[in-house]
Structure formats: structure tokens, C-alpha cells
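A short write-up of the structure that comes next.
There are 2 protein chains.
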Amino acid sequence: MAILFSNAAEDMIRHRSARVTTARVQVLAALLKAGRALTHHEIESRLSRTHAIDRVTIYRVLEWLTRQRFAHKIPGDDRVWRFNVADEEHAGQHAHFKCNCCDRVFCLKDTGNIHSVKLPSGYRAQQLELTVKGLCAECLPGNKLHKLSANKKPPCKLANYPQALGK
Amino acid sequence: MAILFSNAAEDMIRHRSARVTTARVQVLAALLKAGRALTHHEIESRLSRTHAIDRVTIYRVLEWLTRQRFAHKIPGDDRVWRFNVADEEHAGQHAHFKCNCCDRVFCLKDTGNIHSVKLPSGYRAQQLELTVKGLCAECLPGNKLHKLSANKKPPCKLANYPQALGK
DNA sequence: CTCTAAATGCAATAGAGTTGCATAACACGG
DNA sequence: CCGTGTTATGCAACTCTATTGCATTTAGAG
């Protein structure tokens, strides 16, 4: 299972004819496996079980992956970068969903036409960043997925604010 | 001139029947006068000329203004909060423009229908944050406004990258 | 196998933002 | 106009994410 992501990561890096190092492979594999945006901290703790890699190296690898367009960097409202595997088709137009409850960030595929925003004259748009905040399927009460599984961040910080959860 | 903004700020705070302090009045006045989103640092340096206020107090006043809905807090890609005078009509739907060159942030009025973004089933949207990045009227070359005026941040960090400026 | 450029690990640093606590001041009642 | 209690402020110390400098290690080409 996990080995498959490592292989995929290794291939991706090798095809870019870049140096294949364990740090690069493992960080990229972690992102591929996660399927959602991860913080530096999340990556570090995931790798610590099997391949302990220095904090700074992880920062540098993430920066490298971003420059190579293997990943993209998402600014958050908690001053923490999150990194997601880059999606070729949505280059320059990123839409993300951040759960107000568990803080996890997901990429949104169907972004609609957010290009409809009009700029004042003389302004030129180059990139778009859209963040939708709300409640994810696991945190929305009444949803059968509402049990948090292993790699989730408990407890729900909104648990004490029923109003915020729509009750 | 500046005194007008102070008066306006004072009125706004007094009408909320909250304690009118110089820190609150001056910070709010600075935001009103700026007409764009300011960082904590920008506010601090503006006030230092006339009314020196402690860093921490400014942080606390900004937090208070945000809670009172006098201002709203904009997350940036440089891990720095920016604060803008709150706009009643666009509550919960914020669109901002950030210049890649001078780093200034402006509120966008015409947000189009960015609600068109579709969420996966089981997800609930609560707030939207849209940031358009690009070049503002003063940084876009060929524009007659291209001379940076006094309160701008020189030099343009993109000056050495003609490609980024669209040349 | 050897060599060199590139990547890594460690320590120190930077910078935004936060917290604890003693002091100051706003506004209210007399 | 003056005392009084609640609230805001100033200062110092601290937290946390992220960055930088430098010596050491390593990937991969020859």
C-alpha cells in the first residue's frame, strides 16, 4: 500500500531527471497518500514512524516540490502552510475547502467560473485563490460519516458551539 | 483631514456604546483613512508619527474591531494578517485583490457569482474567501499611474522579472 | 570506485502573534 | 467635581512557524 505511493513518487521525481533522495520520495509519497492538503507538522509526524527526516529538510523539500510544480502551497487562516499534490488541469486556479471544525483542507474540483469577478480598470489578474470554509462531511452532525477515524484531529473544536454546527 | 477620520471613528465606537479610547479611535481612523487593507506593521508605523501605541495594544484593538464587525481580517500568502474596514453589504463573502508587485491588498466590490462553486455532498459552506492576485494599476507598466506615490512600498520586487510584469 | 555538486542535519535566528500581570484610564454614580 | 470599579493598556516574556548559515553526507555521473 504505502510502498506503491513511494514508487509513484520515485517515478515522478526520476522523470523530472532530478536527484532521487529519500526525503523527496517520502514527502511526496505522503502527499500522494493523503489525498488532501497537509501541513508541515502532519508530514513530519507521518514520516517520523518510518523515515525520520529533519524538520528543515522537510521545509526545503516542500519548497522544492512547489517549485517543481509537484505540489502547491496553500495559505491558511492559521498562518500555517498546507501542501497538496499539484493538479495539472487546475493550474493557476485553486479552490480549497477548509473545515471550520477539524481544520482539514481539501481541493475542490468543480470551481465553476470564478473568473466572473470584475477588476477595477488598470488591474491585471494572474492567479486566483478561492477558499470555501464550512463543515466537511465528517464533521457535519447527522451525517453517517460523523465518526472521526484514526488520522483525524480530535476533538472537534466547535463541539461546544452547537450554533456553529447548524443545530 | 486626518481629524475627520478620527471623528468618524469615534462616532462609530460611541454608537456601539463601547469605551472610547485613543487606541481604538486611532486604529480605526487609520483603517478608514487608508481605504485598503493594512497590516499590523503598517498601522503601527502610521500611528507612531502622532500617537505611539504599543504593539500589543494594536493587536488587541484589531481583534476587538474584528469581533465588533468594524473590520475584517484577511489571511495573506505571506502569513501576515491584513485588516480592512468592514463592509456591511458583503458580509461573509470577501473578495480581495493582492498585487504581486507592491503587496498591497484591496477589497473588490463586484464579486460576480462565486457561489457557483460546487461542494462534494455532505459538505456545508459557511464563508467564502476569494483572493485575486496580479498587478495593480500602479504597478502595471505602461499605465500612467505607474509612479509610486509617497505611502507606497518601494521598490517593486518584480522589477527584475520583466516576464512577470507581462513584458 | 572516485569525485563533485547538490542535499541534509543541526544550531541559531527571524518575525508575527499571544499571554500574564501590574498599572492606567474610561465612564458612571454620587 | 470627585471617588470607584471595571476595562483597557503597556511591558516583558513567550510560542510557534518558518528561514538561514555552515559543516557533513550522499546521489549519481564519469
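Just so you know, the protein sequences line up as chains A and B, in that order. If you use the numbering used here, the first sequence closes out at 625, no skipped numbers anywhere. If you use the numbering used here, the second sequence closes out at 625, no skipped numbers anywhere. Cβ coordinates follow ideal geometry from the N, Cα and C atoms, glycine included.
Beta-carbon separation (whole angstroms), residue i vs residue j, contact threshold 8 angstroms
i, j, result
"F541 of chain A", "L520 of chain A", "5 angstroms"
"V590 of chain B", "V575 of chain A", "6 angstroms"
"A492 of chain A", "P578 of chain B", "So it is not a contact: roughly 16 angstroms between Cβ atoms."
Any C-beta of chain B under 8 angstroms from that of residue i
i, result
"C667 of chain A", "This structure gives no information on residue 667 of chain A, because the portion of chain A shown stretches from 459 to 625."
"A492 of chain A", "no"
Span separating the alpha-carbon of residue i from that of residue j
i, j, result
"F528 of chain B", "L496 of chain B", "14 angstroms"
"P613 of chain A", "C560 of chain A", "Confidence at P613 of chain A is low in this model, with a pLDDT of 44, below 50, so the placement of that residue should be treated as unreliable; the coordinate-derived value is given next. Approximately 8 angstroms, taken between the alpha carbons."
"E468 of chain A", "A488 of chain A", "12 angstroms"
"F564 of chain B", "D536 of chain B", "16 angstroms"
"E502 of chain B", "V485 of chain B", "9 angstroms"
"Y517 of chain B", "R494 of chain B", "18 angstroms"
"A583 of chain A", "L490 of chain B", "26 angstroms"
"H552 of chain B", "R504 of chain A", "35 angstroms"
"H499 of chain B", "H530 of chain B", "16 angstroms"
"G534 of chain B", "E587 of chain A", "10 angstroms"
"T508 of chain B", "Q585 of chain A", "38 angstroms"
"A476 of chain B", "L462 of chain B", "20 angstroms"
"W539 of chain B", "T524 of chain B", "12 angstroms"
"L598 of chain B", "N558 of chain B", "10 angstroms"
"G580 of chain A", "G592 of chain B", "11 angstroms"
"A460 of chain A", "I532 of chain B", "38 angstroms"
"R472 of chain A", "V478 of chain A", "6 angstroms"
"T480 of chain A", "D545 of chain A", "23 angstroms"
"T515 of chain A", "R474 of chain B", "50 angstroms"
"I511 of chain A", "H554 of chain A", "28 angstroms"
"Q526 of chain B", "Q526 of chain A", "43 angstroms"
"N465 of chain A", "W522 of chain A", "19 angstroms"
"V543 of chain A", "K556 of chain B", "24 angstroms"
"V483 of chain A", "R513 of chain B", "43 angstroms"
"S506 of chain A", "S506 of chain B", "47 angstroms"
"M470 of chain B", "M470 of chain A", "57 angstroms"
"R562 of chain A", "R562 of chain B", "29 angstroms"
Residue i at chain A interface by Cβ criterion, 8 angstroms
i, result
"L523 of chain B", "no"
"L520 of chain B", "no"
"L598 of chain B", "yes"
"D469 of chain B", "no"
Against chain A: residues of the segment 530-546 of chain B by CB proximity under 7 angstroms: The residues in question are P533, G534, D535, R537.
Residues of the segment 494-514 of chain A with Cβ closer than 8 angstroms to any Cβ of chain B, in chain order: For the segment 494-514 of chain A, which is checked against every Cβ of chain B, not one residue is closer than 8 angstroms.
Where the segment 571-591 of chain B meets chain A: residues whose CB sits under 9 angstroms from a CB there: Taking 9 angstroms as the Cβ-Cβ cut-off against chain A, the residues of the segment 571-591 of chain B that qualify are N571, I572, H573, S574, V575, K576, L577, P578, S579, G580, Y581, R582, A583, Q584, Q585, L586, E587, L588, T589, V590, K591.
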